[in-house]
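Participant: Residue numbers (this note's numbering): 66 to 608.
Note that beta-carbon positions come from the ideal geometry of N, C-alpha and C, so glycine has one too.
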């Protein structure tokens, strides 16, 4: 009994210590700098040729490096390629590699880049991002299994030179080459272990960090890669990435010092955070749009334009952004964010967007009635979403707006990876999604809805006229004319209600003032290579 009393007292003391805010963070070796990083969700994979989620890319971007990489402000900077040149017609790019090694000491060669791009396009890999490589000559045919991988327009004339030949000029190629779909793959490891190469103990990387451990449901641990070409200028010695789907709990962990940053916070808590954690809440306009996708492939109701338009019209975006989100989000009546480079000013909009909300509701009811739905035959479906607290607020508001026009929507939430797997497999009816631009150009948004994009075109929007406009824009060298063609394409998609845009996203990060090197940028790419940690709880010197 005495032992039990002692144990109980000890347990109570620990609980009280936790309540008093004593940080519970892993010990960091003396003289080292360790960052504790809240990363929203559990990655499904760390394979660059197979990953697709933002939270996967956050980790992979610290492990691997492409020909170009993200500067602190997310603009393209030299990566494994230290320089490059382009042919006069813009169709041939030649990249010259620096001396670099994989984390096992094996040299990184041009052949690894060729191998990585061929692997991404191999139909057996089933890369969801394969379409991004279609800018390369012959890539689409390779991905469709109509041509051998050797026909791809990427060559390695020697170990330090990568030549990429394009189907059409792509002035944004340097943005693409910092994307994981263009990353190299360690051929000497992949061919030995197959898809199992990504397991700890086998994974080799060419970036600033190497994979040390992955405890599912707990954390991913990476350590500084001593073979990285710029290792001398990497401050952090270790990073622990934690899945933090409960953003309010993550906020408390940041406040206690258990986490140094978390890559999201609950939107409507922003005013509170400015008082409780001054200097932590970082917000800036994002290159991203939140939207609804309708499964038009498997559900006949959503193939009816009248139904899609009614559901989109009935959503009160002003209420959602102004009353629920409250962190600077703006109502979206288009897909391409207004801050996107190389685009038109005051671009396309849903044609009904200027109507008062009451008039939109009335029109939505009339459209549903014309499509055969009403009080005796209400439209019913399930609305699927990742299980974040922000999303639940959004779902309930949309559900109420639809109920007002006689639609019965059941809310279903799932862990982020599960929800997006359902989207990819079309195991959903209506889903809430956000598209974060992979590069700063309207094509990163509009290309998502091309007929040949594949799994990420969750709504299966297919329109040959739309595809033709995007193809025409690809061939247009004049930037202004290209922007106009893309605007016509977007308006065509909006007129067909290809998706239901909801709001333009605001990046919301909680970052301790002790973290240096975090630079606000629209794409929200923050490579840990540029960061350091200082202060009383820091595990090493600041920089």
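#1: Could you check the C-alpha separation between residue 462 and residue 558 for me, to the nearest Å?
#2: Report the start-end ranges of each alpha helix (DSSP H) in the segment 192 to 277 that is 4 residues or longer and not cut off at the edges.
#3: From the DSSP output, in three-state form, read off residue 442 for me.
#4: Quick check on this structure: which residue in 497, 490 and 489 has the alpha carbon closest to the alpha carbon of residue 474?
#5: Residue 434: which of 458, 374 and 259 sits nearest, CA to CA?
#6: Under 8 Å between the Cβ atoms of residue 137 and residue 582?
#7: Helix, strand or coil for residue 589? Go by DSSP, reduced to three states.
#8: Helix, strand or coil for residue 293, going by three-state DSSP, please let me know.
#9: What is the DSSP secondary structure of residue 74, counted as helix, strand or coil?
#10: Looking at the unbroken beta strand (DSSP E) that takes in residue 488, where does it start and where does it end?
#11: Which same chain residues end up closer than 7 Å to residue 217 when comparing Cβ atoms and leaving out the 5 residues on each side of it in sequence?
#12: Using beta-carbon positions only, say whether residue 495 and residue 526 come within less than 8 Å of one another.
#13: Output the distance between the C-alpha atoms of residue 231 and residue 156, rounded to the nearest integer angstrom.
#14: Measure the CB-CB distance between residue 372 and residue 345 and report whether it falls below 8 Å.
#15: Shortest alpha-carbon distance to residue 297 belongs to which of 272, 305 and 453?
#16: Does the distance from the CB of residue 122 to the CB of residue 593 come in under 8 Å?
#17: Secondary structure at residue 390, three-state DSSP: helix, strand or coil?
#18: Please classify residue 377: does DSSP put it in a helix, a strand, or coil?
#19: Along the chain, where does the alpha helix (DSSP H) containing residue 544 start, and where does it finish?
#20: Give the single residue among 401, 293, 295 and 381 whose Cα lies nearest to the Cα of residue 468.
#21: How do the segment 141 to 154 and the segment 251 to 263 stand: do at least 3 beta-carbon pairs fall below 8 Å, yes or no?
#22: How far does the alpha helix (DSSP H) with residue 336 in it extend, from its first residue to its last?
#23: Which one of 534, 168 and 542 has the shortest CA to CA distance from residue 276?
#24: From residue 595 to residue 300, what does the alpha carbon distance come to, in whole angstroms?
#25: What are the complete alpha helix (DSSP H) segments, minimum 4 residues, inside the segment 310 to 372?
#26: Can you give me the C-alpha to C-alpha distance between residue 173 and residue 241, rounded to a whole angstrom?
#27: Cα-Cα, which of 322, 370, 422 and 260 is closest to residue 92?
#28: How close, in whole Å, do the beta carbons of residue 426 and residue 397 come, if the pair is a contact with beta carbons under 8 Å?
#29: Looking at residue 103: is its Cβ nearer than 8 Å to the Cβ of residue 327?
#30: In its own chain, which residues sit with a C-beta less than 6 Å from the C-beta of residue 112, not counting the 5 before and 5 after it?
#31: Put residue 304 into one of helix, strand or coil per three-state DSSP.
#32: What's the call for residue 153, buried or exposed, on a 16-neighbour Cβ count within 10 Å?
#33: For residue 521, count neighbouring Cβ atoms within 10 angstroms of its own Cβ and tell me buried if that reaches 16, exposed if not.
#34: Please classify residue 236 as buried or exposed, where buried requires at least 16 neighbouring CB atoms within 10 angstroms.
#35: So which of 394, 282, 549 and 504 has the shortest CA-CA distance to residue 405?
#36: What alpha helix (DSSP H) runs, 4 residues minimum, are completely inside the segment 98 to 163?
Facilitator: So, from the listed chains and residues:
#1: In the chain shown, counting from the first residue as 1, residue 462 sits at position 397. In the chain shown, counting from the first residue as 1, residue 558 sits at position 493. Whole-angstrom Cα-Cα distance: 25 Å.
#2: 204 to 208, 238 to 241 and 252 to 258, all fully within the segment 192 to 277.
#3: Translated into positions along the chain shown, residue 442 becomes position 377. Residue 442: strand per DSSP, three-state reduction.
#4: Translated into positions along the chain shown, residue 474 becomes position 409. Of 497, 490 and 489, the residue nearest in Cα terms is 497.
#5: If you number the chain shown from 1, residue 434 lands on position 369. For the residues 458, 374 and 259, the minimum Cα distance to residue 434 belongs to 374.
#6: The sequence position of residue 137 within the chain shown is 72, counting from 1. The sequence position of residue 582 within the chain shown is 517, counting from 1. Result yes, Cβ atoms of residue 137 and residue 582 sit closer than 8 Å.
#7: Residue mapping note: residue 589 aligns to position 524 of the chain shown, counting from 1. Here residue 589 sits in coil by DSSP.
#8: If you number the chain shown from 1, residue 293 lands on position 228. DSSP places residue 293 in coil when its eight states are reduced to three.
#9: Translated into positions along the chain shown, residue 74 becomes position 9. Caution is warranted here: a pLDDT of 37 is assigned to residue 74, below 50, making its placement in the model unreliable, and the coordinate value is therefore given only provisionally. Reduced to three states, the DSSP call for residue 74 is helix.
#10: Start at 1 with the first residue of the chain shown, and residue 488 comes out as number 423. Secondary structure note for residue 488: it is in no beta strand (DSSP E), and the uninterrupted alpha helix (DSSP H) holding it is 481 to 489.
#11: In the chain shown, counting from the first residue as 1, residue 217 sits at position 152. Correct list, in chain order: 182, 183, 186, 201, 203, 204 and 207.
#12: By one-based count along the chain shown, residue 495 stands at place 430. By one-based count along the chain shown, residue 526 stands at place 461. No, Cβ-Cβ distance for residue 495 and residue 526 is not below 8 Å.
#13: Taking the first residue of the chain shown as position 1, residue 231 is located at position 166. Taking the first residue of the chain shown as position 1, residue 156 is located at position 91. Near 5 Å, if we compare the C-alpha coordinates of residue 156 and residue 231.
#14: Along the chain shown, one-based indexing puts residue 372 at 307. Along the chain shown, one-based indexing puts residue 345 at 280. Not a contact, by the Cβ cut-off of 8 Å.
#15: The residue labelled residue 297 in the question sits at position 232 within the chain shown. Nearest C-alpha to residue 297: 272.
#16: As a first step, residue 122 must be located in the chain shown, where it is residue number 57. As a first step, residue 593 must be located in the chain shown, where it is residue number 528. Remark: C-beta atoms of residue 122 and residue 593 do not approach each other more closely than 8 Å.
#17: Here residue 390 refers to the residue found at position 325 when the chain shown is read from its first residue. If DSSP states are grouped into helix, strand and coil, residue 390 belongs with the helices.
#18: Locating residue 377 in the chain shown gives position 312, where the first residue counts as 1. Residue state, collapsed to three classes: helix.
#19: Numbered from 1 along the chain shown, position 479 holds the residue referred to as residue 544. Going by DSSP, residue 544 is part of the alpha helix (DSSP H) stretching over 544 to 560.
#20: The sequence position of residue 468 within the chain shown is 403, counting from 1. The shortest C-alpha separation from residue 468 is found at 381.
#21: Contact between the segment 141 to 154 and the segment 251 to 263 is absent, because fewer than three Cβ pairs lie under 8 Å.
#22: Within the chain shown, the letter at position 271 stands for residue 336. Residue 336 -> alpha helix (DSSP H) spans 335 to 341.
#23: As a working mapping, residue 276 is identified with position 211 in the chain shown. The shortest C-alpha separation from residue 276 is found at 168.
#24: Taking the chain shown and counting its residues from 1, the one referred to as residue 595 is at position 530. Taking the chain shown and counting its residues from 1, the one referred to as residue 300 is at position 235. Computed Cα separation, rounded: 8 Å.
#25: DSSP runs (the alpha helix (DSSP H)) wholly in the segment 310 to 372: 312 to 321 and 335 to 341.
#26: Counting from 1 along the chain shown, the entry for residue 173 is found at position 108. Counting from 1 along the chain shown, the entry for residue 241 is found at position 176. In this model, residue 173 and residue 241 are separated by some 20 Å (Cα to Cα).
#27: Taking the first residue of the chain shown as position 1, residue 92 is located at position 27. Among 322, 370, 422 and 260, the Cα nearest to that of residue 92 is on 322.
#28: Within the chain shown, the letter at position 361 stands for residue 426. Within the chain shown, the letter at position 332 stands for residue 397. Not really, about 19 Å apart at Cβ, beyond 8 Å.
#29: To locate residue 103, count along the chain shown from 1; it is residue 38. To locate residue 327, count along the chain shown from 1; it is residue 262. Yes. Within cutoff.
#30: Taking the first residue of the chain shown as 1, we reach residue 112 at position 47. So the qualifying residues of the chain are 263.
#31: The residue labelled residue 304 in the question sits at position 239 within the chain shown. Strand.
#32: Along the chain shown, read from residue 1 onward, the residue named residue 153 stands at position 88. With fewer than 16 Cβ atoms within 10 Å of its Cβ, residue 153 is classed as exposed.
#33: For the purposes of this step, residue 521 is identified with residue 456 of the chain shown, where counting begins at 1. With 16 or more Cβ atoms within 10 Å of its Cβ, residue 521 is classed as buried.
#34: One-based indexing of the chain shown puts residue 236 at position 171. It is exposed - the Cβ of residue 236 has fewer than 16 other Cβ atoms within 10 Å.
#35: In the chain shown, the residue the question calls residue 405 occupies position 340. Considering only alpha carbons, the answer is 504.
#36: 119 to 128
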